[in-house]
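Novice: Count the sequence shown with our numbering and you get residues 8 to 704, in order.
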Amino acid sequence: MSASSLAVVTAPRAEAAEALLSQGKTATASSRESADHAASAAVDGDLTGTRWASQWSDPQWIQVDLGKRADLSRVVLVWEAAHGRAYLIQASDDGTDWRTLTTVADGDGGTDDLAVSGAGRYVRMLGTDRATGYGYSLWEFQVYGDGGAAAGGTVEVTGAQRDWQLTVDGQPYTVKGLTWGPSVADAPRHMPDVRSMGANTIRTWGTDGSTKPLLDTAAQHGIRVINGFWLQPGGGPGSGGCVNYLTDTAYKNDMLAEFTRWVDAYKDHPATLMWNVGNESVLGLQNCYGGEELERQRDAYTSFVNDVAGAIHAIDPDHPVTSTDAWTGAWPYYQRNAPDLDLYSMNAYGDICGVREDWEKGGYTKPYIITETGPAGEWEVPDDANGVPDEPTDVQKAEGYTEAWNCVTGHRGVALGATLFHYGTEYDFGGVWFNLLPGGHRRLSYYAVKEAYTGSTAGDNTPPVITGMSVSPASSAPAGGGFTVRADVRDPDGDPITYRILLSGNYATGDKGLVEAEWHATGGGAFTVTAPERPGVWKVYVQAEDGRGNAGIEARSVKVVPPPVEGTNLALGKPTTASSHQAEYGDCPCTPAKATDGRADTRWASQWSDPQWIRVDLGARTTIRRLQLYWDPAYARAYEVQVSDDGTTWRRVYSTTAGNGDIDTVDVSETARHVRLHLTARGTGWGYSLHEFGVYG
8 MSASSLAVVT APRAEAAEAL LSQGKTATAS SRESADHAAS AAVDGDLTGT RWASQWSDPQ
68 WIQVDLGKRA DLSRVVLVWE AAHGRAYLIQ ASDDGTDWRT LTTVADGDGG TDDLAVSGAG
128 RYVRMLGTDR ATGYGYSLWE FQVYGDGGAA AGGTVEVTGA QRDWQLTVDG QPYTVKGLTW
188 GPSVADAPRH MPDVRSMGAN TIRTWGTDGS TKPLLDTAAQ HGIRVINGFW LQPGGGPGSG
248 GCVNYLTDTA YKNDMLAEFT RWVDAYKDHP ATLMWNVGNE SVLGLQNCYG GEELERQRDA
308 YTSFVNDVAG AIHAIDPDHP VTSTDAWTGA WPYYQRNAPD LDLYSMNAYG DICGVREDWE
368 KGGYTKPYII TETGPAGEWE VPDDANGVPD EPTDVQKAEG YTEAWNCVTG HRGVALGATL
428 FHYGTEYDFG GVWFNLLPGG HRRLSYYAVK EAYTGSTAGD NTPPVITGMS VSPASSAPAG
488 GGFTVRADVR DPDGDPITYR ILLSGNYATG DKGLVEAEWH ATGGGAFTVT APERPGVWKV
548 YVQAEDGRGN AGIEARSVKV VPPPVEGTNL ALGKPTTASS HQAEYGDCPC TPAKATDGRA
608 DTRWASQWSD PQWIRVDLGA RTTIRRLQLY WDPAYARAYE VQVSDDGTTW RRVYSTTAGN
668 GDIDTVDVSE TARHVRLHLT ARGTGWGYSL HEFGVYG
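1) Give the single residue among V492, A538 and A122 whose Cα lies nearest to the Cα of D669.
2) With H, G and I counted as helix, E and B as strand and the rest as coil, what does DSSP make of Y514?
3) Which stretch, first to last residue, makes up the alpha helix (DSSP H) that contains D261?
4) Between V123 and L108, how many whole angstroms is the CB-CB distance? I'm expecting something under 8 Å.
5) What three-state label does DSSP hand K581 in the structure shown?
6) Below 7 Å CB to CB, which residues in the same chain sit around S482 once its five sequence neighbours on both sides are set aside?
7) Go ahead and label V315 buried or exposed: buried means 16 or more other beta carbons lie within 10 angstroms of its beta carbon, across all protein chains shown.
8) Quick check on this structure: which residue in S564, S463 and W611 has the alpha carbon closest to the alpha carbon of R493?
9) Helix, strand or coil: how does DSSP classify R131 here?
10) Using only the alpha-carbon positions, how far apart do T758 and G701 sit?
11) Would you kindly work out how many angstroms separate the C-alpha atoms of L350 and G205, rounded to a whole number?
12) Answer with buried or exposed for A88, where buried requires no fewer than 16 other C-beta atoms within 10 angstroms of its C-beta.
13) What separation, rounded to the nearest whole angstrom, lies between the Cα atoms of G489 and F534?
14) Between the Cα of G593 and the Cα atoms of E561, P503, S696 and T575, which residue gives the shortest distance?
15) Could you tell me which of G291, T279 and D271 sits nearest to A321, measuring between CA atoms?
16) Since V496 and L509 are thought to touch, with beta carbons under 8 Å apart, how far apart are those beta carbons, to the nearest angstrom?
17) Count the other CB atoms within 10 Å of the CB of K373; is the residue buried (16 or more) or exposed (fewer)?
18) Between T103 and the ligand HEM, is the CB less than 8 Å from at least one heavy atom?
19) Please work out which residues of its chain come closer than 6 Å, Cβ to Cβ, to D119, disregarding the five sequence neighbours upstream and downstream, and give them in chain order.
20) Does the contact criterion of 3 or more C-beta pairs under 8 Å hold for the stretch 253-262 versus the stretch 212-232?
21) Alpha carbon to alpha carbon, how far is V175 from P277? Give it in angstroms, no decimals.
22) Following the continuous beta strand (DSSP E) through S696, name the residue where it begins and the one where it ends.
23) Inspect the beta-carbon positions of S61 and G114 and report whether they are closer than 9 Å.
24) Leaving out the 5 sequence neighbours to the left and right, which residues in its chain are closer than 7 Å to V415 when beta-carbon positions are compared?
25) For D349, would you say it is in contact with chain C, using Cβ-to-Cβ distances shorter than 9 Å as the test?
26) Under the three-state reduction of DSSP, which class applies to S352: helix, strand or coil?
27) Go to E40, then tell me how far its alpha helix (DSSP H) extends in each direction, as first and last residue.
28) Buried or exposed: where does S662 fall if 16 or more other Cβ atoms within 10 Å of its Cβ makes it buried?
29) Compute the Euclidean distance between the alpha carbons of I209 and L185, then round it to the nearest angstrom.
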């Protein structure tokens, strides 16, 4: 389909946002209190950790060289307690002749956000009257205007085969980026930190009316944005949203109209670096189609991406267009069907260094960027002894970022940079695996990225390092019982360490959240932890915090099993029947006999209705002392335990309406041949399902 056959909707052009001009620029001052309080500390983007402080006398000044003359709009001073009561904000073209932009005579500290009008290359604060007996002290001295590092201009892919580069206003630009996780509302809080890490770019997956505040904040801090557009089936394997790219013209028209609307809105925004159409959809189409139809759909999808790229270029000739996938096998489709793309993009983790080899073998004629990379993911690591992916250690994750960046920069003239995954704060199973700041704690990976982008972390306080974490017993922790966690922890800076022990039921219950475990330290790096009541494989985390905003987090799996029951399981291998069973669904057939086979990896499952029952014939009247019910997630909220001598007349010996799906241990004192569970209220939308129906005498 050609671009001309698709509807295009445009929006009014957005006004450019002002940019932060001073951050990272050369700053000088009349004096400094000590070597730790240099002028550069007021333009480093660290709002609470570093500051400039002068000698204790009047007058004093601090000035910043913006590098070139710029139109100025605002000056923001973030004062430490030692602030100026009276001062001038001045500008100069040569650093010698100064003109006053604004005067403050009654400063009260805190943050002074001052509107100014004028231009200059140099801007200074000239303090004439201190408010305290100390000197002048600024956490940050910020100058805003329209001449910053991200102030509009043309972004191009220039050069020739194997000698490409990305340029911004004709100047070389290597993407030193991070994928962006926080909310738009939190961007002002986090963007200075992104900049302090040496990043110059963030990547998003979706662009719409909510994007402008993020772009504005990025521009204010000299950060550019790869603006993403989402197409179905985005996200690679397991993602939903199947579209027929051969026949669904309405979907394609809608997406093209939506995308070009926001391209028109943000094409002149100073933060815009490039446009990224789709994410992992060539790979993801395998979840929708197969065989020859899959091939046709992949050709149709990449042809549509080309239509979008052509439409974007018609509206915005000043910014490149790319498309991301998670598989270098997607590149032949792009090469064949999407010539309007300026460069390719790839999400690559454990096999990041293989991207170069695939590019060279494929004979491609366009450069690429890496849009997601970092430590190996769940899908790339071997399973541990409990059959779940073996999560890399903190040290291995940090090394993963370093290796990834080295592989990117090693492919000179072809790989134009990367946005590493992930500047996120989510504090859950995935957040601990990938985020640089889960729960706001800086990890070893955070500092690995900072070192990659800035060349140094000298002077930084870094996280505790955890090694040698182990769990015992790792594969047989009794539900509700105790197990032991051991870890060797050291803090490179000698900070005191506080601990947390956390659990995730991602593999046991599907809940990715982290919950505080019941635990106590026993000394020597050992902790006794109470196992969850729900059997299954859980993740257990040791988190070591240094009180400086840093944390080491290490994880291992622990398999929680039903607690042992005294006596003999009388139901084991005995005839078992039920009101119904599922013949096929997931791991089924799930026949009644699988609840009395002594195996935790098999189960009985009923149809999805109430009531249901399952019963076992013990073969003769037998003394029964206890039942143990090992529920699958499809559990009973309400049920009765009934016994019978003849299988016809039943008497109730136990009932509950508060079942929670954990291991149910029911004490009884009966003599009977038959035991039945009469199930009257399901705890989920599924049926009833038991891994084991144990009857003990």
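Ideal Cβ positions, reconstructed from N, Cα and C, are used throughout, including at glycine.
Keep in mind that this is a model prediction, so the values were computed, not measured.
Specialist: For this structure:
1) A538
2) Coil at Y514, not helix or strand.
3) T256 to Y273
4) So it is a contact: roughly 4 Å between Cβ atoms.
5) Assigned with DSSP and collapsed to three states, K581 falls in coil, not helix or strand.
6) A392, N393 and K566, listed in sequence order.
7) buried
8) S564
9) strand
10) With the chain running from 8 to 704 in the structure shown, residue 758 is simply not present.
11) 24 Å
12) exposed
13) 10 Å
14) S696
15) D271
16) Their Cβ separation, rounded to whole angstroms, is 15 Å, which puts V496 and L509 out of contact at 8 Å.
17) buried
18) The ligand HEM is absent from the structure shown, which contains no ligands of any kind.
19) L84
20) no
21) 11 Å
22) S696 to Y703
23) no
24) I377, A422, G424 and A425
25) The displayed structure is made up of one protein chain only, and chain C is not part of it.
26) strand
27) Premise fails: E40 is in no alpha helix (DSSP H) and is neither H nor E.
28) exposed
29) 5 Å
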